[in-house]
Amino acid sequence: MRSLFWRIFASFWLAIVLVAGLSMVMGRVLNQDAWILSQHPALQGVPEQWASIYESKGQQAAQEYLQQRKRDFRIDTQVLDDSGNAIIQGTFPPRAAAFEKRQHDDPRRLPWRRLTTEYTSPSSGDTYLFIYRIPHPELDDWHRGSLFLPVSALGIAFLVLTALSLLLTLSITRPLGQLRGAVHDLGQAAYQQHTLARLSTRRDEFGVLAGDFNRMGERLQDLISSQRQLLRDVSHELRSPLARLRIALALAERAEPEERVKLWPRLERECDRLEALISEILALARMDANLGAAQAVDITALFASRQQEAELNEPEQRIVVAVEPALSLLGWPDMLERALDNLVRNALRFNPAGQAIELRAEQTDGRVRLSVRDHGPGVLPEHLARLGEPFFRAPEQTAPGHGLGLAIARRAAERHGGILELANHAQGGFVASLVLPAAPQTGKPH
């Protein structure tokens, strides 16, 4: 993955190296003898002109030419032959030559810059050695006035750095803008997954963040959709008992006292149904509430209480409990008790008389399975996937209910980090299992 951190880090140090390197290179270039000899206006064409004057007019004219250039440019010039002897007197005083000789070990202490160049005359074939001595103030003034090339180079470096900075800035601000728009859309419940589809393909931190945001947005959209669907289902489910209550009340108002007495059980029955429905809706809503810290769950006691209550409510039914020893589970006992209660009551509705309902707890691969099996008719395979949706009841189910029991059990399993498995048993009947993560084992001190 191309990390955004390393991209910023590399761009920062690339800029520093580029500027520092260019400064060093330009400093060395500007300080080279060849650069000064080829660019300084006081040195342009001096060897050619001097050689022409010397060979055509003699030593006196050549000496006067050098003296005139010293008056104009304040630069001393010496001209030597192949043997190192002075051809003419030149403009460099003997006293200055003696001082220069004494400073031979440390030429940086000299008040001038010493430059040398050779010139071979095309007419005579003689070779002349020219020695220039330029005072440092004169050289500094010329440097300040001849910065076109270095300024151009620095300008190019500035443009390169600006382009790099612009690309780096855009690579950061544009994804941030897209994420900001996605957050705004999510806040307005109008988030679309394709909004960050292109950004999620990036192989850096923004790509990872966009992928996580897409998954979060998808999950939130699903939750919002499920909540809206739940509200619609609740409204629909509440409308039926309320309508029946209204009809019963209207009939009671018009009925004679004797007939009104017969209507009271119907009213009570509808009120009980409405109360049971509201209780299940509230139980489903409480599954998302903050229940505090998880605690150890006594599975044996939990199964025993469900067995006693089921046998008390349905004496003709028999409950068989099988719990593996040393099971370890962390969670919220009240939530698991409500989930198991719904699974057991669902099994009681469909289990035929004479067949035992099996409650089993076992642990495999680090997960605890709490299962409830009945010997009823089971569910058609095409309806298994929708079982557990709020208010969904398979068409073949004729037993009374509102379709919230399995939804409550599924939500309880999800709150514990597990799942609700629903399937037809291979030997007949139906089995519902809460598959939950087992509690981590802690070592005991010796």
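First residue of the sequence shown: 7, per my numbering; consecutive thereafter. Idealized CB from N, CA, C, for every residue including glycine.
Among residues of its own chain, excluding the 5 on either side of residue i, which ones have a beta-carbon nearer than 8 Å to its beta-carbon?
| i | result |
| --- | --- |
| W19 | none |
| S44 | none |
| H142 | P117, W118, R119 |
| A445 | A302, S334, L335, L336 |
| D347 | R312, E315 |
| L170 | S17, L20, A21 |
Using C-beta distances below 6 Å, list every residue in its chain close to residue i, excluding the 5 sequence neighbours before and after it, in chain order.
| i | result |
| --- | --- |
| R366 | A328, S377 |
| S439 | R375, S377, E427 |
| P53 | Y125, F136 |
| R115 | Q109 |
Given residue i, which residues of its chain have a CB within under 7 Å of its CB, disregarding the five upstream and five downstream residues?
| i | result |
| --- | --- |
| V25 | A163 |
| S206 | G213, A216, G217, N220 |
| P181 | L205, F212 |
| P358 | H381, G382 |
| S129 | E61 |
Secondary structure at residue i, three-state DSSP: helix, strand or coil?
| i | result |
| --- | --- |
| T97 | coil |
| W118 | strand |
| P47 | helix |
| Y320 | Here residue 320 turns out to be Glu, not Tyr, going by the sequence shown. Coil, per DSSP. |
| E330 | coil |
| G394 | coil |
| D347 | helix |
| G446 | The residue asked about is misnamed: residue 446 is Pro in this sequence, not Gly. In this structure, P446 counts as coil in the three-state DSSP scheme. |
| P91 | Residue identity differs from the one stated: residue 91 is Asn in this sequence, not Pro. It is coil, neither helix nor strand. |
| L167 | helix |
| A438 | strand |
| S130 | coil |
| G337 | strand |
| P383 | coil |
Please confirm whether residue i and residue j have their CB atoms less than 9 Å apart.
| i | j | result |
| --- | --- | --- |
| A353 | R379 | yes |
| L336 | L308 | no |
| D87 | I93 | yes |
| I140 | L165 | no |
| L251 | L280 | yes |
| L49 | Y138 | yes |
| W270 | A300 | no |
| V326 | I363 | yes |
| E276 | A254 | yes |
Could you spell out the range, first to last residue, of the beta strand (DSSP E) harbouring residue i?
| i | result |
| --- | --- |
| E368 | 362-370 |
| V303 | V303 -> no beta strand (DSSP E), and no H or E assigned at all. |
| E262 | No beta strand (DSSP E) holds E262; DSSP gives it neither H nor E. |
| A429 | 425-430 |
Determine, for residue i, whether the minimum Cβ-Cβ distance to residues of chain B falls below 9 Å.
| i | result |
| --- | --- |
| G27 | Reference to chain B is not applicable here, since this structure consists of a single protein chain. |
Using only alpha-carbon positions, find the residue among the options that is nearest to residue i.
| i | options | result |
| --- | --- | --- |
| H389 | D340, C277, A429, I325 | A429 |
| R485 | P387, R373, N319 | The displayed coordinates of the chain run from 7 to 452. Any statement about residue 485 would go beyond what the structure contains. |
| E330 | V23, I42, R324, Q369 | Q369 |
| G435 | L410, G424, P387 | P387 |
| V437 | M222, A419, V385, R392 | V385 |
Span of the alpha helix (DSSP H) holding residue i?
| i | result |
| --- | --- |
| Q65 | 65-79 |
| R204 | Taken as a continuous stretch (DSSP letters only), R204 belongs to no alpha helix (DSSP H), as it is neither H nor E. |
| R421 | 411-421 |
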